[in-house]
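Participant:
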Amino acid sequence: MRSLAGLAAIVAAASLYLYLLSTHLPPGREHLKSASEGEDQAVQEFSLKFPSDLDELRELAEMLKFYKREHHGYVLLLFCSAYLYKQSFAIPGSSFLNMLAGAIFGPWEGLALACLLTTLGSTFCFLLSSVFGKQHVVELFPEKVLLLQRKVEENRSSLFFFLLFLRFFPMTPNWFLNITCPVLNIPMSIFFFSVFIGLIPYNFICVRTGSILSHIHSLDDIFSWGTLAQLLAIALMALVPGALIKRYSKDHLKVDGMDSNGQSVVKNKQERKKR
1 MRSLAGLAAI VAAASLYLYL LSTHLPPGRE HLKSASEGED QAVQEFSLKF
51 PSDLDELREL AEMLKFYKRE HHGYVLLLFC SAYLYKQSFA IPGSSFLNML
101 AGAIFGPWEG LALACLLTTL GSTFCFLLSS VFGKQHVVEL FPEKVLLLQR
151 KVEENRSSLF FFLLFLRFFP MTPNWFLNIT CPVLNIPMSI FFFSVFIGLI
201 PYNFICVRTG SILSHIHSLD DIFSWGTLAQ LLAIALMALV PGALIKRYSK
251 DHLKVDGMDS NGQSVVKNKQ ERKKR
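Sequential numbering from 1 applies to the sequence shown in UniProt numbering.
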């Protein structure tokens, strides 16, 4: 009970900090001017919230890009805080934040931020689970934890590459892997670098997509040669590392018996037969 109270206190403090940071916007909205006419536009009240679709993502990106011109440090702090909040407390939706990084900071600065924040946030989640949640993780997901524990032991000699494989081909959600690794006695150094390297292709795809979407205003823009070339590069970036790690896994890793949800394939087949 003490562990849950401590975790709740940390979540509450982080939520309060993020709320205060997002509600104390720097001045500048009243001075937003039309780029074409040079006239004052009507003041629009924006509420900062995590985007849930592409329209909200585009609106939030435009707003933060405007603030970034005069308040780069504030926007950077706000984005990093929001990203770490989501990652640390295993809240799904990092893909939208990765795309937001690309739209606000550009493809390369956005990629660097996404890789760094993903790794730091996952490590914070690892530490929170290690201190407060190991017992609760086992109680809530006994079968999944048992399956992962067996696979970790089978691949102990190639543990780093096994974790890379799970990041490239998520047979279990990333957030679940973050909270489970302390239970599986994964060394934090191996965990840290497996997250940093293993999620580079995913982060690259999302960040680059966000960068492209921020410059697309019509369907004609999508089918331009420049956009198509960038989309092809994104596809290659995703396929090449995945193909290499998959080829390595055939000879060195034991991943049979797991499906895309991190559950036992054998057990699923038995359940289907009973039906």
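Every residue, glycine too, gets a C-beta built ideally from N, C-alpha and C.
These figures come from a predicted structure and were not determined experimentally.
Output the distance between the C-alpha atoms of W108 and G102, rounded to the nearest integer angstrom.
Facilitator: 8 Å
Participant: Would you kindly check if the distance between the Cβ of L48 and the Cβ of S22 is under 9 Å?
Facilitator: yes
Participant: In or out: A12 buried (at least 16 other Cβ within 10 Å) or exposed?
Facilitator: exposed
Participant: What residue from C206, G106, V152 and S15 has the CA that sits closest to F191's CA?
Facilitator: The candidate whose alpha carbon is nearest that of F191 is V152.
Participant: Quick one: which unbroken beta strand (DSSP E) runs of 3-plus residues sit fully inside the region 72-157? Chain order, please.
Facilitator: none
Participant: So what's C181 in DSSP terms, helix, strand or just coil?
Facilitator: coil
Participant: Within 10 Å of its beta-carbon, does V131 have 16 or more other beta-carbons around it, so buried, or fewer, so exposed?
Facilitator: exposed
Participant: In the structure shown, what three-state DSSP assignment does P51 receive?
Facilitator: When DSSP states are grouped into helix, strand and coil, P51 belongs to the coil group.
Participant: Does the distance from the C-beta atom of Y85 to that of A8 stay below 9 Å?
Facilitator: no
Participant: Measuring CB atoms only, is the region 194-204 touching the region 162-174, in the sense that at least three cross pairs come out at less than 8 Å?
Facilitator: yes
Participant: So what does DSSP say about S264, is it helix, strand or coil?
Facilitator: Any answer about S264 is weak, because its pLDDT of 46 lies below 50 and its placement is not dependable; what the coordinates show is given next. S264: strand per DSSP, three-state reduction.
Participant: With DSSP collapsed to three states, give me the class of R208.
Facilitator: helix
Participant: Should I91 go down as buried or exposed, given a rule of 16 or more other Cβ atoms within 10 Å for buried?
Facilitator: exposed
Participant: What would DSSP say about A5, mapped onto helix, strand or coil?
Facilitator: helix
Participant: Smallest Cα separation from E154: which of C115, G210, L184 and C206?
Facilitator: L184
Participant: Consult DSSP for S194 and reduce its assignment to one of helix, strand or coil.
Facilitator: helix
Participant: Let me make sure I understand the geometry here. Which of T180, F124 and T118 has the alpha-carbon closest to that of E143?
Facilitator: T180
Participant: Ordered along the chain, which non-local residues of its own chain (more than five positions away) have a Cβ less than 8 Å from that of N203?
Facilitator: The residues are N98, L111, A114, C115 and T118.
Participant: Going by C-alpha distance, which of S81, A82, P26 and F168 is nearest F66?
Facilitator: P26
Participant: Taking the alpha helix (DSSP H) that L163 falls in, what are its first and last residues?
Facilitator: Where L163 is concerned, the enclosing alpha helix (DSSP H) stretches over L159 to F168.
Participant: Since I believe C125 is in contact with Q149 (beta carbons under 8 Å), could you give me their beta-carbon distance rounded to a whole number of angstroms?
Facilitator: The distance from the Cβ of Q149 to that of C125 is about 19 Å, inconsistent with a contact at the 8 Å cut-off.
Participant: Relative to the alpha-carbon of S158, which residue among V137, I186 and K134 has its alpha-carbon at the smallest distance?
Facilitator: The shortest C-alpha to C-alpha distance from S158 to any of V137, I186 and K134 is the one to I186.
Participant: If C206 and S95 are in contact, beta carbons under 8 Å, what's the gap, nearest whole angstrom?
Facilitator: The Cβ separation is near 5 Å, so the contact holds.
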